[in-house]
Amino acid sequence: MKKGQVYTGIVERVEFPNKGIVRAGEETCVVKNSLPGQKVSFLVNKVRHGKAEARLLEVIELSPLESGNPCSHFGLCGGCTYLSLPYEEQLRIKERQVRELLERALEGQEESWQWEGIKGSPRPYVYRNKMEFSFGDEVKDGPLSLGMHRRGSMYDVVHVSDCRIVDEDYRRILKAVLAYFQERGISFHHKMRHEGFLRHLLVRKAARTGEILVALVTSSQAPQGGAYGQPGDREEIQALVEGFQRCLLEVQERGELSGVLAGILHITNDSLADVVQSDRTDILYGRDYIYEELLGLRFKISTFSFFQTNTYSAEVLYETAREYVGELDRGRLLYDLYSGTGTIAQLMAAAADRVIGVEIVEEAVEAARENAALNGLENCEFIAGDVLKVLDGLTEKPDMIILDPPRDGIHPKALPKIIGYGVERIVYISCKPTSLARDLEAFLAGGYHVERAVAVDQFPWTANVETVCLLSKL
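Spelled out as structure tokens, the structure:
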């Protein structure tokens, strides 16, 4: 294949995360965002070492597997990949992707291991407990929009009023907030020029308690765009965000929400990066956190706390991890590395005499300590710091280790330290199977072997999937 040429072909399979392998004649090419069985046209934009990559131009013929889609935004919004497939077919794709990655990584393992397939989400739809919506325009110089980025675009924003992975409360809040700011002609923040007022709308809703937290993220610039790049009048901004607060409370008062508003926030963010973060946070109403319940424990979740976005499937994931941990002898010490807000550590507290969690984000560690106290758990300790550095200062040898690293996996320099403890069993929870497969090679070289592994679908309709893996010392 030649760069810059357009070809047509049939998608043979999809490799993780969303790499469609398309056959055109005797050659194959990687075309993202395509589905098995589709006939597609594509433009080759990279050829290296005999491997071609391309951009999807058009789906000429649907796959025989596609059965329609329940969302009017599918294909426009960049959020979902597999929404036009039956859920069982999506599970088969993800299961095969993870199994094949692990099989390749474990080719040098002499001991047999058990692949336990994939566990689906108890709720394929309406499962997310957090969304970060962006302000922008659907087309250049178009009217204000609020929603998700258009697939393949950094700028265009699709108003996802029909999104199927959140419940009706999200859609009603989205609609009301957009209408409020459209009526007032408020400017959105342009990423490249770093000008404009409205940036993001963050919505969290606890699946078990129904509590809702809404945060409006803006710059400190003039709201109506007349003085781009200049600080806005504080009283003008205050009046605008107070109106935003009233708008949401009126939605609640009209009985349009099934949950209850626990907090409404205004976050000022003048960062050059297109991320949701806070230079200043003002509580407009209620509090800056909600409570969620998970497997009999209660967790306080603040604006930026990490918490699994699918509460229902998180219970499946953590029950699986708890099963893999099993029962430890009394007096045993368990390390929970990359512990986040301490969810896993607290759920494993009954299996060990002591649990030590290590997490680099200080806010998450504070939340973990609060949640442990909230749940009456006195055998959990949490340390703020990089796993790579903290392990040097821990003198006690653990009896078991749980790993739940970020998407990029474990830092290469931290791997030898973890392996060096020589614990009998390690449970590795991965949100990116390619990172897991890479790290497993180091564990195998360090004298471990995989006993069993299973995939868990935390993110239905997207290309992402979790994996739980039990390793034992030879």
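Each residue of the sequence shown is one higher than the one before, starting from 116 at the first, in my numbering. Ideal Cβ positions, reconstructed from N, Cα and C, are used throughout, including at glycine.
Annotation: the continuous beta strand (DSSP E) that includes residue 128 extends over 121-130.
Look at residue 577 here: in three-state DSSP terms it is coil, with no helix or strand label.
Per DSSP, the continuous alpha helix (DSSP H) segment holding residue 460 begins and ends at 458-462. The DSSP-derived three-state label of residue 266 is coil. The way I'd put it, the stretch 216-223 doesn't touch the stretch 176-189; fewer than three beta-carbon pairs between them come closer than 8 Å. Taking C-beta atoms under 8 Å as the contact rule, residue 273 and residue 253 qualify, at a distance of about 6 Å.
Distance from the Cα of residue 259 is smallest, within the candidate group 293, 390, 165, for 293.
In the DSSP assignment, residue 279 falls outside any alpha helix (DSSP H) and carries neither an H nor an E. For residue 346, the pairing in a beta bridge is given by DSSP as 336. The residue from 163, 200, 172, 196 with its alpha-carbon nearest to that of residue 178 is 200. When rounded, the separation of the alpha-carbon atoms in residue 432 and residue 320 is 20 Å.
Between the stretch 473-493 and the stretch 394-402 there are fewer than three C-beta pairs closer than 8 Å, too few to call the two in contact. Of the candidates 203, 151, 211, the residue whose Cα lies closest to the Cα of residue 238 is 203.
If you look at residue 428, you'll find it in the alpha helix (DSSP H) that goes 426-440. The three-state secondary structure of residue 507, taken from DSSP, is helix.
In the structure shown, residue 176 adopts extended strand secondary structure according to DSSP, grouped into three states.
In this model, residue 437 and residue 533 are separated by some 20 Å (Cα to Cα).
DSSP places residue 532 in the helix class (H, G or I) of the three-state scheme. Excluding sequence positions up to five before and after residue 553, its CB lies within less than 8 Å of the CB of 220, 524, all in the same chain and listed in chain order.
Across the set 160, 251, 134, the C-alpha of 134 shows the shortest separation from the C-alpha of residue 208. Counting of Cβ neighbours within 10 angstroms places residue 510 among the exposed residues, the total staying below 16. Judged by DSSP secondary structure, residue 545 falls outside any alpha helix (DSSP H) and instead within the beta strand (DSSP E) spanning 540-545. Inter-residue distance for residue 588 and residue 542 is about 12 Å (C-alpha atoms, whole angstroms).
When DSSP assignments are scanned along the stretch 354-436, the uninterrupted stretches of beta strand (DSSP E) that are 3 or more residues long and fall wholly within it turn out to be 375-383, 395-401, 404-409, 412-417. By the criterion of a C-beta distance shorter than 7 Å, residue 392 is surrounded in its chain by 384, 386, once the five residues flanking it on both sides are discounted. Here residue 212 is buried. Its C-beta has 16 or more other C-beta atoms within 10 Å. With a cut-off of 8 Å on Cβ pairs, the stretch 294-309 is not in contact with the stretch 225-240, counting fewer than three such pairs. Per DSSP, the continuous beta strand (DSSP E) segment holding residue 160 begins and ends at 154-163. Ranked by Cα distance from residue 198, the first of 158, 168, 151, 229 is 151. Residue 440 is positioned such that its CB atom lies closer than 7 Å to that of residue 463. Each of 309, 127, 582 was checked against the Cα of residue 180, and the nearest Cα belongs to 127. 7 Å or more divides the Cβ of residue 314 from the Cβ of residue 329. The stretch 504-520 makes contact with the stretch 445-454: 3 or more CB pairs, one atom from each, lie closer than 8 Å. 7 Å or more divides the Cβ of residue 291 from the Cβ of residue 192.
Counted as a single uninterrupted DSSP element, the stretch harbouring residue 517 is not any alpha helix (DSSP H) but the beta strand (DSSP E) occupying residues 515-518.
Your pair residue 418 and residue 317 checks out as a contact, with CB atoms roughly 7 Å apart and the cut at 8 Å.
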